[in-house]
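Notes follow the structure.
In the working numbering, the protein residues as written are 34 to 414.
Here it is as structure tokens:
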């Protein structure tokens, strides 16, 4: 009887340990090994939320969010097209739910994004006859949109991606409709309107390929110009859309240092690591780029080979070492999704691919590198 009782206790203990390690909430002694806890005192750790998270249908994803993340950003529902599809007609249903979710979970919240050429509604720039509107009309439309959106969430949203992706890789300005009609002033106006609508919110510029030297110089020049005019800008978001061999850690670090010298916080936004071959070198992250599906561009439909897994792990470790090295300059690191199935990389720049860019698998289990990152962060002084 004593032997049977001991075996029963050992079996129950084993099951308890197995359960503790089964869903990403691992323990070290009595202490949970969680990403947000590992980075506490260094920077916030965030994730982008999609419709299934916001409407509550992805319950496993929300549980991972609760365990490992303390900052959230809406992937799509706060962009100008979904929010105001026709002039003056706002649809705040999903944006409101995002903010409610954030307040219920006491998350740091980022609004994404107020002014962006890619998903702005066409009516923003045209009159009833389809011609470009005047600078005065576009300015008023920007003001009305920003005042309405930022004002609605005043005191709730901690910070806003005010302007997204307006500098090209060579440092020149993107020839968007905003730029064509208003010139460089559209950025200044956007930040001014956002600040007027919520003086306490932090205001950010966000862009991809920020390790590119030309883009780095262009962004620095733009931000300096804004600062000289007294325009409030509090942070720069470096989108972390990286691959197994680009960008170099060294160039990424140069941008962290250059942006930090401007006196603003640096954020690593939209972090994901594609393992798939690029149709061409350094694709950036322009949504307008689409490439026809070809089988050789989708080589890992049944899972990753061990050598690719090792490269993936090492690459994430290299970048998190960099983030920890400069944690005094970085205020937030945000993954663009929670688990691999969430990622936009499965559909861009080639639709129908299977990618593995995030830290959690499609079955919501943590990848081995998660524990390595946690241990590295805990050991970092």
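Don't be surprised by glycine CBs; every beta carbon is placed ideally from N, CA and C.
The structure displayed is predicted, hence computed values, not measured ones.
Where residue i sits in the DSSP three-state scheme
| i | result |
| --- | --- |
| residue 389 | coil |
| residue 414 | coil |
| residue 16 | Residue 16 is absent from the structure shown; the chain starts at 34 and stops at 414. |
| residue 146 | strand |
| residue 409 | helix |
| residue 135 | helix |
| residue 188 | coil |
| residue 251 | helix |
| residue 153 | coil |
| residue 140 | coil |
| residue 399 | strand |
| residue 67 | coil |
| residue 74 | coil |
| residue 89 | coil |
| residue 55 | Model confidence at residue 55 stands at a pLDDT of 44, short of 50, so the residue's coordinates are unreliable; what they give is reported in the following sentence. Residue 55: coil per DSSP, three-state reduction. |
Outcome for residue i when other beta-carbon atoms lying within 10 angstroms are tallied against a minimum of 16
| i | result |
| --- | --- |
| residue 298 | buried |
| residue 302 | buried |
| residue 372 | buried |
| residue 339 | exposed |
| residue 385 | exposed |
| residue 205 | exposed |
| residue 304 | buried |
| residue 334 | exposed |
| residue 122 | exposed |
| residue 368 | buried |
| residue 68 | buried |
| residue 3 | Residue 3 lies beyond the stretch modelled for the chain, which goes from 34 to 414, so this question has no answer here. |
| residue 155 | exposed |
| residue 13 | Missing from the structure shown is residue 13; the chain here goes from 34 to 414 and no further. |
| residue 399 | buried |
| residue 412 | exposed |
| residue 401 | exposed |
| residue 257 | exposed |
| residue 390 | buried |
| residue 408 | exposed |
| residue 351 | exposed |
| residue 365 | buried |
| residue 139 | exposed |
| residue 370 | buried |
| residue 232 | exposed |
| residue 135 | buried |
| residue 7 | Residue 7 cannot be examined here, being either before or after the span of the chain that is shown, 34 to 414. |
Bridge partner(s) assigned by DSSP for residue i
| i | result |
| --- | --- |
| residue 165 | 159 |
| residue 194 | 145 and 237 |
| residue 81 | 106 |
Just list the beta strand (DSSP E) runs in the stretch 334-394, keeping only unbroken ones of 3 residues or longer that don't cross its boundaries, in chain order.
363-368
Could you tell me which uninterrupted beta strand (DSSP E) segments, each at least 3 residues in length, are contained entirely in the stretch 98-126, listed from first to last along the chain?
104-107
Quick one: complete alpha helix (DSSP H) runs, 4+ long, within the stretch 256-325?
282-293
Closer than 8 angstroms is the cut-off here; do at least three beta carbon pairs connect the stretch 73-82 with the stretch 271-281?
no
If we require 4 or more residues per run, which alpha helix (DSSP H) segments fall completely within the stretch 209-244?
210-215 and 218-230
May I ask you to verify whether the stretch 182-195 touches the stretch 228-246, counting CB pairs closer than 8 angstroms and requiring at least 3?
yes
Would the stretch 114-124 and the stretch 89-96 be scored as touching if the rule is three or more Cβ pairs under 8 angstroms?
no
Assess, as a yes-or-no matter, whether the stretch 283-300 is touched by the stretch 121-134 under the definition of 3 or more beta carbon pairs within less than 8 angstroms.
no
On the three-pair Cβ rule with 8 angstroms, is the stretch 162-171 touching the stretch 211-223?
yes
Do the stretch 325-338 and the stretch 391-398 meet, that is, are 3 or more Cβ pairs less than 8 angstroms apart?
no
Inspect the CB distances between the stretch 178-185 and the stretch 159-167 and report whether three or more fall short of 8 angstroms.
no
Touching by the beta-carbon criterion (3+ pairs, under 8 angstroms), the stretch 103-111 and the stretch 155-163
no
Is the stretch 213-222 close to the stretch 244-253, with three or more CB pairs under 8 angstroms?
no
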